[in-house]
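A.B. asks: Following this message is one structure expressed as structure tokens.
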Amino acid sequence: MNTHDDAHGAAASPAAPPPSGLRAFASYTGYGVKLLVLSLCLLEGLYLILGNLFLAFGLKRVVSWDPETFTMDYEAAWSYWPGHAKVRKFKITGQDSVLQWSMDIEKATLGVELLELFEQRYHATHVEAEGTVFRMRFRVSDETANSPYARALPPIAGFADPPLAFVGPVLVPTDQDYNLWTAHLENIDAGIDEIWIETFRLTGDLRAKSAFYFKPLRTFSLPPSQVEIVFGELQTADHQVLHGMEGSLFASIEPFNVETGGLPEMLHAMTSHVTLNAQVPGMRFVQDVLGLDTPQFRDGSGALEVDTGIERGVLTQGSRARYATRRLDVDTIDAGLTAAVETTLRVDGGRSTISAFLDEASLHWAKPAGVPVAMVDDARVTVEMPADVLAPWKVEVYDVELPSARVSDLRRLLPEAPKTMRLTGGSALLRGHLAGRAGQQGQGSLQLDVWKASAGIASVALQASIGAKVDVTAIDLASQSAVLRGTVGMGKVFVQQGEDSFRDWWARVRFDGVRMHVGRSVDVRGDARVTMQSLDPLVGSLVGLDAIPGWSEPLISSKQVAIDMNVNKQGTRLAVGFDAVAGSQQVTGMLERRREHTRGAFLVRSGPVSAGIHLDSDGASVKLLAGRGWLKEQLAALREWAVREAQVPERDGKAAPAAGKVGRVVKETEQAGEKAARLVKKAEAKVHEKPKARRPPAER
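When we follow the working numbering, the leftmost residue of the sequence shown carries the number 2, and every step to the right adds one.
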């Protein structure tokens with residue numbers, strides 16, 4: 002019985018079979034997962050220890066092994082996963098033979114390709130940053146190291162100031178020897194505190210979504226990037242350029258060679274667009290940007306609006322900009338301008354149109370300061386040029402409108418004139434319009450009206466009203482020259498010399514083909530015909546000034562006078578040749594003025610009587626019964642003197658004229674003398690002729 006029970010119990014409790022099927026798979030998987038989790042935990046723990054030790058002590062050494070080309074530094078860094086890290090006080094810098102740059106980040110989360118570090122590439126796949134500061138500057142030569150431009154460049158920690166260019170040939174490594182670090186940052190989302198490129202520093206509340214690639218001495222590129230300006234300020238050197246900035250900046254730069262390319266090549270590879278509204282606190286910064294001592298700019302506070310794009314160095318269709326100020330002061334050494342100014346830019350069809358509008362403008366001399374000489378209203382200058390900002394700026398179309406330039410008191414034109422030669426009253430109004438285009442001669446007109454102009458010359462007082470209308474033709478912007486044709490009339494002239502007075506005298510000047518050149522001075526050369534009522538006021542005044550002897554006054558006719566003149570003014574020299582006819586009387590001669598020296602020779606004929614008048618630094622001398630031979634000798638001596646004077650250095654310390662310039666001066670002096678000699682011959686041929694009406698030079 003018991004045996005049976007034991008046998009039955011043994012049969013009822015057989016050994017459990019091993020798991021199979023799904024139960025076996027689940028059993029093994031659970032074990033593998035546990036092993037994997039344990040391994041990952043061990044690896045993560047090992048990474049947390051070794052990885053953060055490497056971040057703390059090894060990474061900076063690896064990346065910054067050559068601090069002359071690339072460095073990386075940070076105050077603290079930690080990582081919970083390979084390739085991803087958080088940093089504080091992060092900084093990277095780099096340089097090559099052309100430029101230096103740095104990027105500082107207060108705090109950031111980075112994704113870095115770790116394996117590329119062993120290939121000397123710092124490749125961040127994403128950057129989320131706050132407190133970003135970016136600076137870049139080009140190297141400068143020894144000649145500009147102490148210039149205001151160099152002092153305005155951004156300082157970059159670790160590099161000397163100023164950033165001097167390498168002396169001697171730059172050894173560019175071959176591809177086989179290349180060992181410089183490459184910086185490649187993608188998917189940047191950064192809050193920016195400062196962008197300082199060259200001399201311009203942008204600060205404020207900015208947000209950038211960007212990326213860039215920089216391989217020193219090889220390539221730089223900027224994928225499509227955008228900076229949103231919530232509020233910003235722009236500075237250069239010690240001057241604030243813009244404040245209250247709102248808008249956005251978009252830019253992309255295709256890969257270009259930084260070794261052989263400069264700013265023009267970079268702009269050719271760039272596409273950009275700026276939308277901006279800002280306030281301009283003043284224009285004093287213009288002097289520093291242009292590197293000029295004069296002119297000086299003051300005030301100019303106003304508003305700036307920009308909606309402008311550039312694609313491969315060309316302003317894009319529809320680009321526009323506007324700047325307006327209620328007061329801008331521009332001062333030179335001698336004069337100044339104060340005006341309300343509005344300037345606009347618009348681009349259409351590959352052409353840029355720039356317009357400047359001046360209103361309530363006042364012109365004044367430097368001394369006495371602040372006294373307005375003339376007032377200009379509603380003046381406008383418009384120019385058109387290609388929209389290519391890299392090409393030489395060449396004006397192709399221009400239009401100048403001057404509706405009104407008023408001088409309310411002519412005394413202000415010459416405030417420092419000596420008492421012996423001064424303006425004592427009167428007013429004037431100038432109006433005009435000039436227009437033209439490149440490759441064609443421009444044209445326009447000027448009209449001047451002067452009312453009751455009064456002047457004093459020693460003991461002579463005179464008053465007159467003047468009207469002038471001048472047609473301006475053959476305007477050539479390249480040579481800064483034009484040809485003038487017009488008429489100047491004087492009427493209601495009153496001359497007082499001692500007890501003698503002359504009333505209701507008139508004179509008229511007609512000229513055609515007069516060439517004018519505007520450079521360091523206004524130079525004029527051409528012929529004119531002067532017609533006047535008589536010589537009485539002139540002769541009486543010259544006698545009163547002891548310029549001519551009193552006995553000569555009765556010899557000079559009081560009949561209507563016609564004078565053919567040739568004028569040549571260049572710089573400080575003036576040459577005037579003339580032939581005057583009044584009834585049976587003739588005056589032929591030439592006047593030369595070189596700086597402060599004046600000389601001249603004139604032959605006066607009145608019937609059978611003649612006299613020669615010679616002018617020099619000692620005054621006037623008269624030779625009775627002088628003839629053509631005397632005048633020829635005087636003119637020859639006058640030409641020799643003029644040639645000698647042309648070769649004498651200026652007394653203000655300027656160098657003597659170059660040989661080519663002296664040659665031109667001598668040639669023009671000889672030409673003026675020859676013209677005067679022809680006038681003498683013409684006068685001699687007419688000694689016995691009955692005077693008749695003479696045609697103006699344009700008809701001869």
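By construction, the Cβ of each residue, glycine as well, lies at the ideal position given by its N, Cα and C atoms.
Quick one: what's Val523 bridged to in DSSP?
C.D. replies: Partner(s): Val519.
A.B. asks: Looking only at its own chain, which residues have a Cβ that is under 6 Å from the Cβ of Arg89, when we skip the five neighbours before and after it?
C.D. replies: Excluding positions up to five away in sequence, the list reads Glu76, Ala77, Lys108.
A.B. asks: List the whole-angstrom C-beta distance separating Met267 from Phe251, where the pair is believed to meet the contact cut-off of C-beta under 8 Å.
C.D. replies: No, Met267 and Phe251 are not in contact; Cβ-Cβ is about 16 Å, not under 8 Å.
A.B. asks: Rounded to whole angstroms, what's the CA-CA distance from Thr589 to Ala583? Just pull it up for me.
C.D. replies: Cα to Cα, the separation comes out at about 12 Å.
A.B. asks: On the premise that Leu277 lies in contact with Val307, defined as a C-beta separation below 8 Å, what is that separation, rounded to the nearest angstrom?
C.D. replies: Confirmed, about 4 Å.
A.B. asks: Should Arg595 and Glu641 be called a contact, given that it needs their Cβ atoms to be closer than 8 Å?
C.D. replies: No; because the gap between Cβ atoms is not below 8 Å, this pair is not in contact.
A.B. asks: Under the rule that 16 or more other beta-carbon atoms within 10 Å means buried, what is Lys216, buried or exposed?
C.D. replies: Answer is buried; the Cβ neighbour count reaches 16.
A.B. asks: What would DSSP say about Phe725, mapped onto helix, strand or coil?
C.D. replies: Because the chain in this structure spans residues 2 to 701, residue 725 falls outside the shown range and cannot be described.
A.B. asks: Name the one or two DSSP bridge partners that Leu100 has.
C.D. replies: Answer is Phe139, bridged to Leu100.
A.B. asks: Just reading off the alpha helix (DSSP H) that Phe286 is part of, what are its end residues?
C.D. replies: Run containing Phe286: 286-291, per the alpha helix (DSSP H) assignment.
A.B. asks: Would Ala439 and Lys395 be called neighbours here (beta carbons separated by less than 8 Å)?
C.D. replies: A contact, by the Cβ cut-off of 8 Å.
A.B. asks: Buried or exposed for Ile334, going by 16 or more other Cβ atoms inside 10 Å?
C.D. replies: Classification for Ile334: exposed.
A.B. asks: Between the Cα of Gly350 and the Cα atoms of Pro387, Gly95, Glu247, Met271, which residue gives the shortest distance?
C.D. replies: Cα-wise, what sits closest to Gly350 is Pro387.
A.B. asks: What's the gap between the Cα of Arg140 and the Cα of Gln101?
C.D. replies: So the two alpha carbons sit approximately 7 Å from each other.
A.B. asks: Select from Thr599, Gln586, Val610 the residue whose C-alpha is nearest the C-alpha of Thr573.
C.D. replies: Thr573 has its Cα closest to that of Thr599, out of Thr599, Gln586, Val610.
A.B. asks: With 16 other CB atoms within 10 Å as the buried threshold, where does Met422 fall?
C.D. replies: Classification of Met422: exposed, given that the 10 Å Cβ count is below 16.
A.B. asks: Give the list of continuous beta strand (DSSP E) stretches no shorter than 3 residues that lie fully inside the region 577-636.
C.D. replies: Listed in chain order, the complete beta strand (DSSP E) runs (minimum 3 residues) inside the region 577-636 are 586-595, 598-607, 610-617, 620-625.
A.B. asks: Got a sec? Which residues, its chain only, sit under 6 Å from Pro155 by beta carbon, not counting five neighbours each side?
C.D. replies: Correct list, in chain order: Arg136, Arg138, Trp197.
A.B. asks: Between which two residues does the beta strand (DSSP E) harbouring Val342 extend?
C.D. replies: 336-349 is the span of the beta strand (DSSP E), which, as asked, contains Val342.
A.B. asks: Please work out which residues of its chain come closer than 7 Å, Cβ to Cβ, to Leu575, disregarding the five sequence neighbours upstream and downstream, and give them in chain order.
C.D. replies: Cβ neighbours of Leu575 beyond the five flanking positions: Arg594.
A.B. asks: Roughly how many angstroms lie between the CA atoms of Asp105 and Leu414, to the nearest whole one?
C.D. replies: Each residue's alpha carbon lies about 59 Å from the other.
A.B. asks: Rounding to the nearest angstrom, what Cα-Cα distance links Leu536 and Ala392 in this structure?
C.D. replies: Cα to Cα, Leu536 sits roughly 58 Å from Ala392.
A.B. asks: Given 8 Å as the limit, is there contact between the region 225-240 and the region 289-299, that is, 3 or more CB pairs closer than that?
C.D. replies: Taking 8 Å as the limit for Cβ pairs, the verdict is that the region 289-299 does touch the region 225-240.
A.B. asks: Whose CA, out of Thr261, Trp82, Arg486, lies closest to the CA of Phe512?
C.D. replies: Of the candidates Thr261, Trp82, Arg486, the one whose C-alpha sits nearest the C-alpha of Phe512 is Arg486.
A.B. asks: Rounded to whole angstroms, what is the Cα-Cα separation between Asp472 and Gly248?
C.D. replies: Distance between the alpha carbons of Asp472 and Gly248 is about 48 Å.
A.B. asks: So Asp378 and Leu218 are in contact, right, with Cβ under 8 Å, and what is the actual spacing, rounded?
C.D. replies: About 58 Å; that fails the 8 Å criterion.
A.B. asks: Consult DSSP for Lys687 and reduce its assignment to one of helix, strand or coil.
C.D. replies: Low local confidence applies: a pLDDT of 47 at Lys687 is under 50, so the model's placement there is unreliable, with the coordinate-based value given in what follows. In this structure, Lys687 counts as coil in the three-state DSSP scheme.
A.B. asks: Return helix, strand or coil for Pro174, following the three-state DSSP convention.
C.D. replies: Looking at Pro174 - three-state DSSP - the assignment turns out to be coil, as it is neither helix nor strand.
A.B. asks: Compare the C-alpha of Thr344 against each of Ala336, Leu338, Ser356 and name the closest.
C.D. replies: Answer by Cα proximity: Ser356.
A.B. asks: Out of curiosity, what's the CA-to-CA distance linking Met271 and Gln280?
C.D. replies: The alpha-carbon atoms of Met271 and Gln280 are separated by roughly 27 Å.
A.B. asks: If Ala362 sits next to Leu338, beta carbons under 8 Å apart, how far is it from one beta carbon to the other, in whole angstroms?
C.D. replies: At roughly 6 Å, the Cβ-Cβ gap stays under 8 Å, so Ala362 and Leu338 are in contact.
A.B. asks: Could you check where the alpha helix (DSSP H) with Asp206 kicks off and where it finishes?
C.D. replies: It is not in any alpha helix (DSSP H) - Asp206 instead sits in the beta strand (DSSP E) that spans 201-216.
A.B. asks: How many Å lie between Lys655 and Gln571 at the Cα?
C.D. replies: At Lys655 the pLDDT is 44, less than 50, meaning the model places this residue with poor confidence and gives no usable figure here.
A.B. asks: Rounded to whole angstroms, what's the CA-CA distance from Ser611 to Ala581? Just pull it up for me.
C.D. replies: Between Ser611 and Ala581, the C-alpha separation is close to 14 Å.
A.B. asks: Pro538 lies in the beta strand (DSSP E); which residues open and close that run?
C.D. replies: From DSSP, Pro538 is part of no beta strand (DSSP E) but of the alpha helix (DSSP H) over 537-545.
A.B. asks: CB Gly192 to CB Gly132, shorter than 8 Å?
C.D. replies: Cβ atoms of Gly192 and Gly132: closer than 8 Å.
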